[in-house]
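Be aware that the sequence shown starts at 34, since it is given in our numbering, and climbs by one per residue. Glycine is no exception: its CB is placed at the ideal position from the N, C-alpha and C atoms. Everything below concerns the one structure shown next.
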Amino acid sequence: MVNCPLCAAALDFDEEELDEGDELTCDECGEMVRVSSKEPLELAGVADDDDDDDDDDDESDEDFDDGEDGDDDPEEEEDDEENWH
34 MVNCPLCAAA LDFDEEELDE GDELTCDECG EMVRVSSKEP LELAGVADDD
84 DDDDDDDDES DEDFDDGEDG DDDPEEEEDD EENWH
């Protein structure tokens, strides 16, 4: 028997029928858990994996925004030089 990694409730299922990557729902907390390893049997919260993916997307967006700002800076410097003369 294995416990839910999120709420520690005992999960009752046939371990031999599970494969790595299978997703289950905890009856106690209602959260999805994924079989992360078959031997030894280990479960991981599905929400944790999704959060990591969202963080990566945010970082990619920030990098893209920085590139846009970098394109505007040289034009602004050229304008300053023209006004100085």
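* To do: Keeping to the same chain, check which residues put their C-beta closer than 7 angstroms to that of residue 144; ignore five residues upstream and five downstream.
  => With the chain running from 34 to 118 in the structure shown, residue 144 is simply not present.
* Beta-carbon separation (whole angstroms), residue 59 vs residue 44, contact threshold 8 angstroms -> Here residue 59 refers to the residue found at position 26 of the sequence shown. Here residue 44 refers to the residue found at position 11 of the sequence shown. About 6 angstroms; that satisfies the 8 angstroms criterion.
* Compute the beta-carbon to beta-carbon distance between residue 56 and residue 40, rounded to the nearest angstrom, for a pair I have assumed lies under 8 angstroms. => Here residue 56 refers to the residue found at position 23 when the sequence shown is read from its first residue. Here residue 40 refers to the residue found at position 7 when the sequence shown is read from its first residue. Not quite, the Cβ-Cβ distance comes to about 16 angstroms (not below 8 angstroms), so this is no contact.
* Asked: In its own chain, which residues sit with a C-beta less than 8 angstroms from the C-beta of residue 64, not counting the 5 before and 5 after it?
  -> One-based indexing of the sequence shown puts residue 64 at position 31. So the list reads 37, 39, 40, 58, 78, 79, 80, once near-sequence residues are dropped.
* To do: Can you give me the Cβ contacts of residue 35 inside the same chain, cut-off strictly under 7 angstroms, excluding the 5 residues immediately before and after it?
  => Counting from 1 along the sequence shown, the entry for residue 35 is found at position 2. The residues are 44, 74, 76.
* Going straight from the alpha carbon of residue 50 to that of residue 42, what length do you get? -> The residue labelled residue 50 in the question sits at position 17 within the sequence shown. The residue labelled residue 42 in the question sits at position 9 within the sequence shown. Approximately 20 angstroms, taken between the alpha carbons.
* To do: Would you mind stating whether residue 71 and residue 52 have Cβ atoms separated by less than 8 angstroms?
  => The residue you call residue 71 lines up with position 38 of the sequence shown. The residue you call residue 52 lines up with position 19 of the sequence shown. Residue 52 is positioned such that its CB atom lies closer than 8 angstroms to that of residue 71.
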